[in-house]
Amino acid sequence: MSVRPPDPGILRRLAEEERALLRDGEYAGLSRIAAARAALLRSGTGMSPAMLDELRDDLDRTRALLRAAMDGLRDGAARNDARHRAGARLDTYGADGSGRSVSLGVNRLERRA
């Protein structure tokens, strides 16, 4: 019984769809694509060296996009954390001249002694 290799066109379309999801920030759809690709690759063996090279190139491009997306998410989270730390408190004065500290993370005013 011979086993056919997966169709390279389908693998290419899955890789393109995966990159499109990454570019659009639709990360939830990536698990569906990864599962479909894994099932397709398990379904057949005997891929030619040329097909393996194409697949490796597609995976390298996808990996680069995924790395850039993760770096962007980390940078965004770091910027948000820095903004939160920098502006977590606001010192101000009331009409009577007494000092107040407004915590931007909590909806309340704290009076200073």
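Under the UniProt record's numbering, the sequence shown has 73 at position 73, and the numbering climbs by one with no breaks. Note that CB positions come from ideal geometry on N, CA and C, so glycine has one too.
Whole angstroms are fine: how far does the CA of residue j sit from the CA of residue i?
{"i": "ARG12", "j": "ASN80", "result": "37 angstroms"}
{"i": "ALA82", "j": "PRO8", "result": "46 angstroms"}
{"i": "GLY29", "j": "MET51", "result": "25 angstroms"}
{"i": "SER48", "j": "ASP71", "result": "34 angstroms"}
{"i": "LEU21", "j": "LEU66", "result": "10 angstroms"}
{"i": "GLU26", "j": "ARG100", "result": "44 angstroms"}
{"i": "LEU41", "j": "ALA15", "result": "13 angstroms"}
{"i": "ILE33", "j": "GLU17", "result": "8 angstroms"}
{"i": "TYR93", "j": "LEU73", "result": "38 angstroms"}
{"i": "ALA69", "j": "ASP96", "result": "51 angstroms"}
{"i": "ALA78", "j": "ALA86", "result": "12 angstroms"}
{"i": "ARG19", "j": "HIS84", "result": "32 angstroms"}
{"i": "ARG56", "j": "ASP24", "result": "23 angstroms"}
{"i": "ASP58", "j": "ASP91", "result": "54 angstroms"}
{"i": "ALA38", "j": "SER31", "result": "10 angstroms"}
{"i": "GLY46", "j": "ALA64", "result": "27 angstroms"}
Of all the CB atoms in chain D, is at least one closer than 8 angstroms to the CB of residue i?
{"i": "ASP58", "result": "Among the chains of the structure shown, chain D does not appear; only one protein chain is present."}
So who's on the other strand from residue i, going by DSSP bridges?
{"i": "ASP91", "result": "SER101"}
Where do the ends of the alpha helix (DSSP H) carrying residue i lie?
{"i": "MET70", "result": "49 to 86"}
{"i": "GLU16", "result": "8 to 24"}
Leaving aside the five residues before and after residue i along the sequence, list all residues of the same chain whose C-beta is less than 7 angstroms from its C-beta, in chain order.
{"i": "ALA36", "result": "LEU14"}
{"i": "ASP53", "result": "none"}
What does a CB cutoff of less than 8 angstroms around residue i pick up in its chain, not counting 5 residues either side in sequence?
{"i": "ARG61", "result": "ALA15 and ARG19"}
{"i": "ILE10", "result": "LEU40"}
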